[in-house]
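This report refers to the structure that appears directly beneath it.
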Amino acid sequence: MKRLPKPDTVPALRGGGAPRSPRIASYVIDARLDTGRHSITATQTLVWTNAGGSAVDRLPFHLYLNAFKNESSLFMRGSHGEMRDAKATDSGWGWIQIESLQIGGVELAGKLEYPNKPDETVAELPLPQPVQPGTTIEVNFKFTAQLPEVFARTGYKGDFHMVGQWFPKIGVRVGPPGAEHWECSPFYATTEFFADFGTYDVTLTVPSTHVVAATGVLVKAVDMPGQTRTFTYHAEDVHDFAWMADPYMEPPLVGKAKVEGGDVEVRVYARKEQAAFARRHLQAAIGAIEKFSTYFVPYPWPIMTVIDPPVEAMFGAGGMEYPTLVTTAGDSVFLRPGIRLPEMVTVHEVGHNWFQGILASNEPEEAWLDEGVNEWADAHVMRDLYGARASGVDWKGWQADYGALRIAAGADPTTLPSPIAAAAYAFADEEAYGAATYAATNRALSTLEEYVGSAKFMAAMKAYAKEFAFKHPTGRDFYATLERELGEDLGWFFGPVFQEVGGIKLAVRSAECRAAHNARGVWGEGSTRKVTTETEAPDLGTYVCEVVIQNTGVVHVPVEIELEFADGTRQRVTWDDKAGGHWKRFTIERSSKLVAVNIDPDKKIALANPTQHRVRLEGDGSASLRAAARLASWAQTLMQVVGP
């Protein structure tokens, strides 16, 4: 039997004090796990406040586990039963069933409606009486949750149980006061989650052989009859609750993150065979908490739990974020300490506790505000923790930057089929969703950071986080805050970058050099007319070089062009392309021939595809653009075949 853990002696919020969030939706749940059937029976009390300006006559609820009920769900139709190398199995379906739903003692489960049939991931309850603005309603549930074989963030594998998105969760009222509407979209393969903040008091009963880890702080752990144990957790100002139960987890490896306002205890749970990676995950999590707290706002909770799922459950359960709890991945005997894949995953998931946990934007509608912004921030954290040149790899003399690796691995940003700001469920497929939401957002923010300067941009991002912590910011909030903090109208950037497709398509259209000479031709009129011949206008010993740069994309940003000459000298010229011009001609007279043109030599414009950025001139001083175009086409084809 596992040793009974001691309760936590810290408050649910570091420093205590007033609530950080409006606490619109709070839950009390009492759940029991049947490890033989991989099912949960539970009671739940939801207390929901109508914080809007209009009465509410219906309550919608997410029933996320019904995504795994059958092949008619929107999730299964969109994923074809596969996600992140995990597959749904015939013996591993999952679902949630509402056994009872009562308001004021009146049974209403039979009144539930499913507006997206045959999909059942959203249920709506018509109310006997509207909930008036400023008033509160209590809804009591009894439900059974059948976990799927681990797939898409939740489920079981053998004795391991990762329990996420497992209870009926109310939607969110959004919109201007008096004109609010419900945001409660079905569960698609490309959508994650959006919920109101509140408090959670959750009691979990499991076999006494199992180790449990969960969102929040452990209030008490008690041995119960029938070889079971009951764990009670409390969390404040969170919008979700997830937990893990497993008989083979080792006692957690524990460390402290130093954060303004008090330490954060970090716990890493791993099985014995993965214990060698636990310290790497611990150090990465500690570093991430400290850095994200410095960059944005201090981590508000006293505990961060990191779960390293067993290898056989890694693809289905690993790499996911919940408030105060994340799952990681990346363990492999082939990954030596200098290959930082485990650290990358841990830093990324911990970072979500800011953009998904604290800011909590609407992920189904604007996933980039979490996934993409987090991807950009990860690169800064990794560089701070492991060095700018070796933040991704530092092994046997080979070094690589994490941010550069992530950008290089992303799809060509000029070929995205949907804009970054498209709703997560509106992308053609999971690949298109990932390319825009993660990689393209990272490229966009990196490009803007280079344009305004890193220190200034980081300060603006910190202001955004401080202003909208616990407030569900939108893309418009993000744009407005950055414009205010940076002191510039950035409509020329935000509009085409986030709302349109096409990206930045920079290329050398032409480049050539000719010997400079005095002007030839006919001068004057009548009797004063004079013809200047070639012998009368000899070469001046210099060269006139003309370079034409074009941008056929929709995004226009200032760009540097480096000109390289035969004598080894270089000259840089700038095209301020913000006005939307599609081409620019540069004419330079030098004593040496132009031999090469390099667009964006410092690679500041991460949004661009660089395959046509560099051209070398042939011996006669003209660019071999046809050959360059063939090479660029070949390189692009190769990248598509090999894949990121």
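For the sequence shown, the working numbering gives the first residue as 41, with consecutive numbering after it. Glycine is no exception: its CB is placed at the ideal position from the N, C-alpha and C atoms.
Alpha carbon of residue i to alpha carbon of residue j, nearest angstrom
{"i": "Ser-112", "j": "Met-202", "result": "24 Å"}
{"i": "Leu-546", "j": "Thr-481", "result": "19 Å"}
{"i": "Arg-124", "j": "Arg-610", "result": "A caution first: Arg-124 carries a pLDDT of 48, below 50, which makes its placement in the model unreliable, though a value can still be read off. Their backbone Cα atoms lie some 47 Å apart in a straight line."}
{"i": "Ala-126", "j": "Ala-461", "result": "Residue confidence is low: Ala-126 scores 49 on pLDDT, short of 50, so the model does not pin down where it sits. Its coordinate-derived value is still stated next. Distance between the alpha carbons of Ala-126 and Ala-461 is about 28 Å."}
{"i": "Val-537", "j": "Val-595", "result": "6 Å"}
{"i": "Pro-100", "j": "Leu-530", "result": "38 Å"}
{"i": "Thr-30", "j": "Gly-215", "result": "As displayed, the chain neither begins before 41 nor continues past 684, which places residue 30 out of reach and without an answer."}
{"i": "Pro-641", "j": "Ile-601", "result": "7 Å"}
{"i": "Val-68", "j": "Thr-176", "result": "15 Å"}
{"i": "Gly-56", "j": "Trp-435", "result": "44 Å"}
{"i": "Val-597", "j": "Gly-391", "result": "29 Å"}
{"i": "Trp-408", "j": "Thr-85", "result": "33 Å"}
{"i": "Pro-338", "j": "Phe-533", "result": "30 Å"}
{"i": "Gly-301", "j": "Ala-82", "result": "36 Å"}
{"i": "Met-688", "j": "Arg-72", "result": "Because the chain here runs from 41 to 684, residue 688 falls outside it and cannot be looked at."}
{"i": "Glu-629", "j": "Asp-452", "result": "36 Å"}
{"i": "Arg-554", "j": "Val-548", "result": "18 Å"}
{"i": "Trp-88", "j": "Tyr-104", "result": "19 Å"}
{"i": "Gly-356", "j": "Glu-232", "result": "15 Å"}
{"i": "Pro-377", "j": "Arg-483", "result": "28 Å"}
{"i": "Leu-671", "j": "Arg-654", "result": "Note that Leu-671 has pLDDT 40, beneath the 50 cutoff, so the model's placement of it is unreliable and no number is given."}
{"i": "Thr-230", "j": "Met-384", "result": "22 Å"}
{"i": "Ala-444", "j": "Phe-271", "result": "44 Å"}
The beta strand (DSSP E) enclosing residue i, as first and last residue numbers
{"i": "Phe-183", "result": "176-186"}
{"i": "Asn-638", "result": "634-639"}
{"i": "Trp-222", "result": "221-223"}
{"i": "Trp-435", "result": "433-435"}
{"i": "Asp-616", "result": "610-616"}
{"i": "Val-306", "result": "304-309"}
{"i": "Thr-81", "result": "79-89"}
{"i": "Arg-117", "result": "Looking at the DSSP string, Arg-117 is not in any beta strand (DSSP E); the run it does join, the alpha helix (DSSP H), is 114-119."}
Exposure label - residue i; buried when at least 16 CB within 10 Å
{"i": "Thr-592", "result": "exposed"}
{"i": "His-420", "result": "buried"}
{"i": "Lys-570", "result": "exposed"}
{"i": "Val-682", "result": "For Val-682, the pLDDT reaches just 37, beneath the cut-off of 50, and the residue's location in the model is therefore unreliable, although a value from the coordinates is still provided. Classification of Val-682: exposed, given that the 10 Å Cβ count is below 16."}
{"i": "Asp-441", "result": "buried"}
{"i": "Thr-614", "result": "exposed"}
{"i": "Pro-59", "result": "exposed"}
{"i": "Lys-197", "result": "buried"}
{"i": "Gln-172", "result": "exposed"}
{"i": "Val-562", "result": "exposed"}
{"i": "Gln-205", "result": "buried"}
{"i": "Val-251", "result": "buried"}
{"i": "Leu-485", "result": "buried"}
{"i": "Ala-262", "result": "In the sequence as presented, Ala is not what sits at residue 262; that position holds Val. With fewer than 16 Cβ atoms within 10 Å of its Cβ, Val-262 is classed as exposed."}
{"i": "Asp-418", "result": "buried"}
{"i": "Asp-607", "result": "exposed"}
{"i": "His-388", "result": "buried"}
Segment limits, alpha helix (DSSP H) that includes residue i
{"i": "Trp-394", "result": "381-395"}
{"i": "Thr-334", "result": "315-335"}
{"i": "Met-501", "result": "494-508"}
{"i": "Pro-100", "result": "Note, Pro-100: premise wrong, no alpha helix (DSSP H); beta strand (DSSP E) at 96-102."}
{"i": "Arg-423", "result": "411-426"}
{"i": "Tyr-154", "result": "Run containing Tyr-154: none; DSSP gives neither H nor E here."}
{"i": "Pro-536", "result": "531-539"}
{"i": "Ala-297", "result": "Careful: Ala-297 lies outside any alpha helix (DSSP H), inside the beta strand (DSSP E) at 293-297."}
{"i": "Arg-376", "result": "Premise fails: Arg-376 is in no alpha helix (DSSP H) and is neither H nor E."}
{"i": "Phe-207", "result": "It is not in any alpha helix (DSSP H) - Phe-207 carries neither H nor E in the DSSP assignment."}
8 Å contact criterion, which residue i and residue j should meet: CB distance rounded
{"i": "Ala-285", "j": "Tyr-273", "result": "About 13 Å; that fails the 8 Å criterion."}
{"i": "Lys-109", "j": "Gly-134", "result": "7 Å"}
{"i": "Pro-342", "j": "Val-257", "result": "7 Å"}
{"i": "Gly-412", "j": "Thr-477", "result": "5 Å"}
{"i": "Thr-368", "j": "Pro-382", "result": "7 Å"}
{"i": "Thr-454", "j": "Gly-543", "result": "4 Å"}
{"i": "Asn-106", "j": "Ile-136", "result": "6 Å"}
{"i": "Val-308", "j": "Pro-226", "result": "Val-308 to Pro-226, Cβ: 35 Å. No contact."}
Heavy atom of the ligand ZN within 8 Å of residue i beta-carbon
{"i": "Gly-391", "result": "Among the ligands in the structure shown, none appear at all, so the ligand ZN cannot be discussed."}
| Do the stretch 344-357 and the stretch 321-334 make contact, defined as three or more Cβ pairs closer than 8 Å? | yes
| With a cut-off of 8 Å, do at least 3 Cβ pairs link the stretch 227-238 to the stretch 203-213? | yes
| task | Could you tell me whether the stretch 350-369 touches the stretch 388-403, where touching means 3 or more Cβ pairs closer than 8 Å? | result | yes
| message | Assess contact between the stretch 285-300 and the stretch 328-342, defined as three or more Cβ pairs (one per stretch) separated by less than 8 Å. Is contact present? | response | yes
| Are the stretch 135-151 and the stretch 160-175 touching, with three or more C-beta to C-beta distances below 8 Å? | yes
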